[in-house]
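Novice:
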Amino acid sequence: MLYMRVYRPRFTVIFIALCVTISILGTLSPILQSNFRKLSFTPAYAFSKPWTFVTSIFLHADIFPNGDFLHIFWNMFALFMFGTFLESRIGPKNFLAVFFLAGILGNFAYFALAPNSKIPAVGASGAIFGIIGTLAILYPRLVVWMGLMPMPIIFAAFIWAIISFIGIFTAGGGIAHEAHLAGLLFGGLYGFYLRKKMLYRRMVV
146 MLYMRVYRPR FTVIFIALCV TISILGTLSP ILQSNFRKLS FTPAYAFSKP WTFVTSIFLH
206 ADIFPNGDFL HIFWNMFALF MFGTFLESRI GPKNFLAVFF LAGILGNFAY FALAPNSKIP
266 AVGASGAIFG IIGTLAILYP RLVVWMGLMP MPIIFAAFIW AIISFIGIFT AGGGIAHEAH
326 LAGLLFGGLY GFYLRKKMLY RRMVV
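In this text, residue positions in the sequence shown follow our numbering: the first is 146, and each later residue adds one.
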């Protein structure tokens, strides 16, 4: 396990507050909810609305008529549990890199597999899986729960990767499994980068 300076996880809290605020405002105002939907990521319009690669990360299924609050609830729960831990260990700059690049690459993965799709995608899942991937490399023995079963996060990440890969080829469900897998793989690669960087610093010191 690597030991490093501990930071205050302020961006995790900011992102959670932003997502929850958007959800509440959308619930209170149908007009705002309609405008928020325009910020979702739709592959067919990806390059005419490039900002949606980022803005969609902070939106969740409750902005749609048939959406529910479970999407944002579980995403924010996971972001709090994993995000606060990771940000406190790797600092704000690296955390922002993991969060945004994993989220953006998740959208790119959706675009790559369905470039003409007009089905919008929203959610921080790709970014959260990026956080999990980074944690799996830096803290492989960190215990997490999958259902009722505790296990090291490295094993959980491997299981999630398999589920996401299989999910790509399974129709239905309304889940962008490719975004999850892309985020997870990027997070793992970034974890290797940070691990090598931290080990080098220890050798120099």
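Positions of the beta carbon are idealized from the N, C-alpha and C atoms, including for glycine.
(1) Can you find the residues in the same chain that come closer than 6 Å, C-beta to C-beta, to G251, ignoring five residues on each side of it along the sequence?
(2) Helix, strand or coil for L287? Go by DSSP, reduced to three states.
(3) Could you tell me the distance, in whole angstroms, from the CA atom of G268 to the CA atom of L258?
(4) At what residues does the beta strand (DSSP E) containing M221 begin and finish?
(5) Could you name the residues of the same chain whose beta carbon sits closer than 6 Å to that of A321, not counting the 5 residues immediately before and after it, in chain order?
(6) Are the Cβ atoms of G228 and I276 separated by less than 8 Å?
(7) Among F274, R234, A247 and I249, which residue has its Cα nearest to the Cα of A302?
(8) State the Cα-Cα distance for the pair K183 and G336, rounded to the nearest angstrom.
(9) Taking buried to mean at least 16 other C-beta atoms within 10 Å of its own C-beta, is S168 buried or exposed?
(10) For F186, which of helix, strand or coil comes out of DSSP?
(11) Helix, strand or coil: which one does DSSP assign to A266?
(12) So, under 8 Å CB-CB, G171 and F156 are touching, yes? Tell me the CB distance rounded to an integer number of Å.
(13) Can you give me the Cβ contacts of V289 inside the same chain, cut-off strictly under 6 Å, excluding the 5 residues immediately before and after it?
(14) What span of residues does the alpha helix (DSSP H) with P117 cover, start to end?
(15) Cα separation between Y148 and S193?
(16) Could you check where the beta strand (DSSP E) with M294 kicks off and where it finishes?
(17) How far does the alpha helix (DSSP H) with T200 in it extend, from its first residue to its last?
(18) With 16 as the cutoff for other CB atoms within 10 Å, does F222 come out buried or exposed?
(19) In whole angstroms, give me the CA-to-CA distance for F253 and P210.
Specialist: Short version:
(1) As a position in the sequence shown, residue 251 is number 106, starting the count at 1. Closer than 6 Å at Cβ, skipping near neighbours: G271, A324, A327 and G328.
(2) In the sequence shown, counting from the first residue as 1, residue 287 sits at position 142. In this structure, L287 counts as coil in the three-state DSSP scheme.
(3) Locating residue 268 in the sequence shown gives position 123, counting from the first residue. Locating residue 258 in the sequence shown gives position 113, counting from the first residue. Near 18 Å, if we compare the C-alpha coordinates of L258 and G268.
(4) As a first step, residue 221 must be located in the sequence shown, where it is residue number 76. From DSSP, M221 is part of no beta strand (DSSP E) but of the alpha helix (DSSP H) over L215 to A223.
(5) In the sequence shown, counting from the first residue as 1, residue 321 sits at position 176. Result list for A321: Y255 and A266, in chain order.
(6) The residue labelled residue 228 in the question sits at position 83 within the sequence shown. The residue labelled residue 276 in the question sits at position 131 within the sequence shown. Contact: yes.
(7) The residue labelled residue 302 in the question sits at position 157 within the sequence shown. Here the closest residue by C-alpha is F274.
(8) Translated into the one-based positions of the sequence shown, residue 183 becomes position 38. Translated into the one-based positions of the sequence shown, residue 336 becomes position 191. Computed Cα separation, rounded: 33 Å.
(9) Position 23 of the sequence shown, counted from the start, is the residue given in the question as residue 168. S168 comes out buried.
(10) Here the question's residue 186 lines up with position 41 in the sequence shown. The answer is strand: DSSP assigns F186 an E or B state.
(11) As a position in the sequence shown, residue 266 is number 121, starting the count at 1. Residue state, collapsed to three classes: strand.
(12) Here residue 171 refers to the residue found at position 26 when the sequence shown is read from its first residue. Here residue 156 refers to the residue found at position 11 when the sequence shown is read from its first residue. G171 to F156, Cβ: 22 Å. No contact.
(13) Here the question's residue 289 lines up with position 144 in the sequence shown. So the qualifying residues of the chain are I298 and A301.
(14) Because the chain spans 146 through 350 in this model, residue 117 falls outside it and cannot be assessed.
(15) One-based indexing of the sequence shown puts residue 148 at position 3. One-based indexing of the sequence shown puts residue 193 at position 48. At Y148, the pLDDT of 49 sits below 50, so the modelled position is not reliable; the number obtained from the coordinates is stated separately. Their Cα atoms are separated by approximately 44 Å.
(16) Counting from one through the sequence shown, the residue named residue 294 turns up at place 149. Residues M294 to P297.
(17) Here residue 200 corresponds to residue number 55 of the sequence shown, with the count starting at 1. Residues T197 to T200.
(18) Your numbering for residue 222 matches position 77 in the sequence shown. Burial call: exposed.
(19) The residue you call residue 253 lines up with position 108 of the sequence shown. The residue you call residue 210 lines up with position 65 of the sequence shown. If you take the alpha carbons of F253 and P210, they lie about 25 Å apart.
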